[in-house]
Amino acid sequence: MSAGFQRNLDVERVKALLRTMVAIRAFEEEALAAQKEGLVKGAIHPSIGQEAVAAGVCGELRRDDVLLSTHRGHGHTLAKGADPFAMMAELMGRAPGTSQGKGGSMHIADFSVGMLGANGVVAANIGIAAGAAHAIKLLGGDRIVCCIFGDGAVNRGPFLEGLNWAAVYRLPVLFVCEDNGYAATTRTRELTAGPGPLARARALGIEGEVVDGNDVLAVSEATRALVAAVRSGAGPRFLHCLTYRLAGHTGADAGTYRPAEEVEARWKRCPIARARALLEAAGVAAAELDALEAGARGEIARVAAAARAAPWPDPALAWTDVQDLGAAVRAEG
Amino acid sequence: MAEMSYLEAGALALREAMRADPRVWALGEDLGRGGVFGQYKGLQAEFGPERIVDTPISEAAIMAVATGAAMLGTRPVVEMRFADFALCAIDELVNQAAKARYMFGGQTRVPLVVREPTGRWRSSAAQHSQSLEAWYVHVPGLVVLAPATPADNRALLRAAIACDDPVVHFEHKNLWPLVGEVPDEPEPAPIGKARRVREGADLTLVTWSATVHEAVRAAELLAREGIGTDLFDLRSLWPWDREAVLASAARTGRLLVAHEAVQVGGFGAEIAATVAEELGVPVARIGAPRLPVPYSPPLEAELEVDAERIARAARRLLDRPVRRRAVSA
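Protein chains in written order, with my numbering: chain A, 117 to 449; chain B, 6 to 334.
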């Protein structure tokens, strides 16, 4: 980082990004702790170490823009502006959850902030994102769609079909490949042919960039430029973010398939520590940053405590919102 | 009242819906040229390529795009070309479209219609001939329709487009040229209501789609032998008209279900089981043997659920002695 760049650093912007990242980290640490206590019953896929992608990308979206996410979607959803209490309650299967406890972690969604769902199926969100963008084209307006998927998704058919579709109809979509290096527990590069995700996008005429996905400001800057192009009607764009999953694939995965030195080295590039170092280098006092982090963590701790105390859903809710015609009816008694 | 074909009735339904609601649009392969069977003929000229959308051969993307576009408030009509090809889009329909309303806790609706040309047709062999309606009936969240007449194709497709949940609409390829009377106004709220095709006192016969026409001929054969058939065209497989079928089976005391799909695990099993559970009357099914559909006509004929086979199944059912149920208390 050059001294000149540091002098021009937009301190408030980086502070806001840092706060979002810390909130995401705290949220997932609370969720993992709650899972260990048996309060989160289902699988959760932590994005610890990948927070710069969520904060950097989603921070450049408007509230009325549309976001499609993955099974590893807590960070994206929080950064899009979803209510952390409703999200934590959903993870715990409680009534005030984002989906009334019907979806859990892998189906987190908050349509009030344009977050149209995490997805339990890898790459399935890509075609849905193209469809949301197709609808925006039909309906008019300058909203855009952002679709975040992992590196594993580029080997599924919907990646080809969805990107081709978005390019052919010149749809307002930003595709973001959040590349943490592992497709579940397998090193992605060992099973992925060719020079990588962006080359595949370019083969379909979709331009884009590769960024250091652990540098929140770089992610934010790249996203800003690509979002402007997409919003101007230039068609889809592609952002490839290189990051690393510091936690396991799920809460239950110790990640033993990765050498300890690899993980240790990656912790030194933790996006939160790097954003903090950037701010300190720009002259922000450590005490101020401590207070900022404590504020973000405190809010998540309050939310988690409230979720633990939240009521269970009425069992009758299992029978609602299936379909209007022909819905199963709960037997009396 | 106008005379038109089953194919024209489908086009009429889509045209009426698109004229009435600008949010309705259709997407699929070759629609601009009228669709593979001509069922979209003239529609792109009237509504333009933005609303009658020619797509790549990307069934998964077609279904996923329709899902995403429906979640944003449009009402897409998906053309799958052949029901067999819809299997390329099963994740998109079953895991995504059918589940979105529920797993997101009612935050969204997915008002899309999937048109699936179904059934055996002109030596089309194993990948262009299947009747897979039972698969979809099994999936919570979906409505499943299978009209047998021009009037019902128009009325049910209109109702499907008006429905706020995903609908799978099976149009039988052998029925495209079938001509019949179509009322000026479509029947209101036809989903979930069976059509009583013929009244009779001796057995209840339930069927749908192209097999309805074989069942009509079977009922005529049986009538010559003095056997009265209470014949129902189910039309709507989910929801299905339990009340009409149970009331009839209670009157006649026998139920036969006939369908073109493979009998094993077919939707006939659900109807037969329901009637047996509720009424305890003798039930029987006739469907195709569990074989892939072959190409050559004499081989394909082995699978036919035609009038003669339906009549034979009816006679067997009527010959079966009624065993008294053990009644407790």
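A virtual CB, placed ideally from N, CA and C, is assigned to each residue, including glycine. Just so you know, these numbers come straight off a predicted model, no measurement behind them.
Below-7 angstroms beta-carbon distance, residue i vs any chain B residue
i, result
"residue 218 of chain A", "yes"
"residue 258 of chain A", "no"
"residue 388 of chain A", "no"
"residue 189 of chain A", "no"
"residue 207 of chain A", "no"
"residue 251 of chain A", "yes"
"residue 161 of chain A", "no"
"residue 287 of chain A", "no"
"residue 232 of chain A", "yes"
"residue 254 of chain A", "yes"
Where residue i sits in the DSSP three-state scheme
i, result
"residue 120 of chain A", "Reliability of the predicted coordinates at residue 120 of chain A is poor, the pLDDT of 43 falling under 50, and the value obtained from them is presented with this limitation in mind. Looking at residue 120 of chain A - three-state DSSP - the assignment turns out to be helix."
"residue 145 of chain A", "helix"
"residue 250 of chain A", "helix"
"residue 140 of chain B", "helix"
"residue 103 of chain B", "helix"
"residue 30 of chain B", "strand"
"residue 200 of chain A", "helix"
"residue 70 of chain B", "helix"
"residue 211 of chain B", "strand"
"residue 245 of chain B", "coil"
"residue 66 of chain A", "Any question about residue 66 of chain A goes unanswered here, given that chain A covers just 117 to 449."
"residue 300 of chain B", "coil"
"residue 87 of chain B", "coil"
"residue 96 of chain B", "helix"
"residue 265 of chain A", "strand"
"residue 175 of chain B", "strand"
"residue 52 of chain B", "helix"
Residue i at chain A interface by Cβ criterion, 7 angstroms
i, result
"residue 207 of chain B", "no"
"residue 132 of chain B", "no"
"residue 70 of chain B", "yes"
"residue 199 of chain B", "no"
"residue 25 of chain B", "no"
"residue 90 of chain B", "no"
"residue 85 of chain B", "no"
"residue 10 of chain B", "no"
"residue 79 of chain B", "yes"
"residue 128 of chain B", "no"
"residue 116 of chain B", "no"
"residue 18 of chain B", "no"
Residue i CB to nearest heavy atom of the ligand NAP below 6 angstroms
i, result
"residue 264 of chain B", "For the structure depicted, the ligand NAP is absent and the ligand set is empty, with no information on it obtainable."
Residue i versus the options, residue with shortest Cα-Cα distance
i, options, result
"residue 180 of chain A", "A:389, A:415, A:249, A:354", "A:249"
"residue 225 of chain A", "B:119, B:117, B:118, B:107", "B:107"
"residue 203 of chain B", "B:57, B:175, B:232, B:179", "B:232"
"residue 347 of chain A", "A:290, A:156, A:409", "A:290"
"residue 249 of chain B", "B:243, B:237, B:258", "B:237"
"residue 195 of chain A", "A:231, A:447, A:208, A:222", "A:231"
"residue 2 of chain B", "A:215, A:246, A:136", "Residue 2 of chain B is absent from the structure shown; chain B starts at 6 and stops at 334."
"residue 273 of chain B", "B:140, B:223, B:321, B:160", "B:140"
"residue 68 of chain B", "B:12, B:84, B:58, B:104", "B:84"
"residue 164 of chain B", "B:197, B:184, B:142", "B:197"
Cross-chain neighbours of residue i in chain A, by beta carbon under 7 angstroms
i, result
"residue 196 of chain B", "441"
"residue 146 of chain B", "438, 439"
"residue 244 of chain B", "441, 442"
Distance between beta carbons of residue j and residue i, contact taken as under 8 angstroms
i, j, result
"residue 279 of chain B", "residue 256 of chain B", "Their Cβ separation, rounded to whole angstroms, is 16 angstroms, which puts residue 279 of chain B and residue 256 of chain B out of contact at 8 angstroms."
"residue 359 of chain A", "residue 296 of chain A", "5 angstroms"
"residue 265 of chain A", "residue 239 of chain A", "6 angstroms"
"residue 262 of chain B", "residue 211 of chain B", "5 angstroms"
"residue 362 of chain A", "residue 140 of chain A", "Contact doesn't hold; Cβ gap of about 12 angstroms is too wide."
"residue 101 of chain A", "residue 170 of chain A", "Not covered by the structure: residue 101 of chain A. The range shown for chain A is 117 to 449."
"residue 219 of chain B", "residue 310 of chain B", "7 angstroms"
"residue 253 of chain A", "residue 279 of chain A", "The pair is not a contact, with the Cβ atoms about 16 angstroms apart (cut-off 8 angstroms)."
"residue 76 of chain B", "residue 189 of chain B", "No, residue 76 of chain B and residue 189 of chain B are not in contact; Cβ-Cβ is about 34 angstroms, not under 8 angstroms."
Within chain B, the residues that residue i reaches when beta carbons sit closer than 9 angstroms
i, result
"residue 215 of chain A", "107, 108, 109, 110, 111, 112"
"residue 321 of chain A", "The contacting residues do not exist; residue 321 of chain A stays about 14 angstroms from chain B at best."
"residue 281 of chain A", "60, 61, 63, 66, 67, 69, 70"
"residue 227 of chain A", "76, 109, 112, 113"
"residue 284 of chain A", "60, 61"
Under 9 angstroms by beta carbon: chain A residues contacting residue i
i, result
"residue 96 of chain B", "237, 240, 274"
"residue 55 of chain B", "253, 254"
Neighbour list for residue i in chain B, Cβ cutoff strictly below 7 angstroms
i, result
"residue 277 of chain A", "63, 65, 66"
"residue 247 of chain A", "69, 70, 71, 72, 73, 74"
"residue 244 of chain A", "69, 72, 73, 101"
"residue 223 of chain A", "108, 109"
Contacts of residue i in chain A (Cβ-Cβ under 8 angstroms)
i, result
"residue 170 of chain B", "439, 440, 441"
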